[in-house]
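A.B. asks: Residue numbers (this note's numbering): 478 to 567.
For glycine and all other residues, C-beta sits at the position ideal for the given N, C-alpha and C.
Here it is: the structure, laid out below.
And the structure:
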């Protein structure tokens, strides 16, 4: 297996849960099992402590960058304030 560090806090695996919740798991590394295979995102399996392909996690819904995660964690009031500041800069 070949692995390359993903860089702390840059990429996340988007995982859909029950009751329409979304969780973001930090991508620890990018890698491939065999030569010539496409690179995959690897996350930490909380139960075993091993790296596992993000696409194998139940509810995997794609890869997100830090910007998406930041917006997802904001309250509606924080989003309105952020948008107001952005409009004022223009």
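1. Rounded to a whole number of angstroms, what is the C-alpha to C-alpha distance between residue 514 and residue 532?
2. Give the range of the alpha helix (DSSP H) segment to which residue 557 is assigned.
3. Can you tell me which of 559, 530, 535 puts its alpha carbon nearest to the alpha carbon of residue 544?
4. Just mark residue 505 as buried or exposed, buried being the case when its beta carbon has 16 or more other beta carbons within 10 Å.
5. By DSSP, does residue 523 sit in helix, in strand, or in coil?
C.D. replies: On the basis of the data shown:
1. Each residue's alpha carbon lies about 14 Å from the other.
2. Counting along the chain, the alpha helix (DSSP H) containing residue 557 begins and ends at 553-566.
3. With distances taken between Cα atoms, residue 544 lies closest to 559.
4. Counting Cβ neighbours within 10 Å, residue 505 comes out buried, since at least 16 surround it.
5. In this structure, residue 523 counts as coil in the three-state DSSP scheme.
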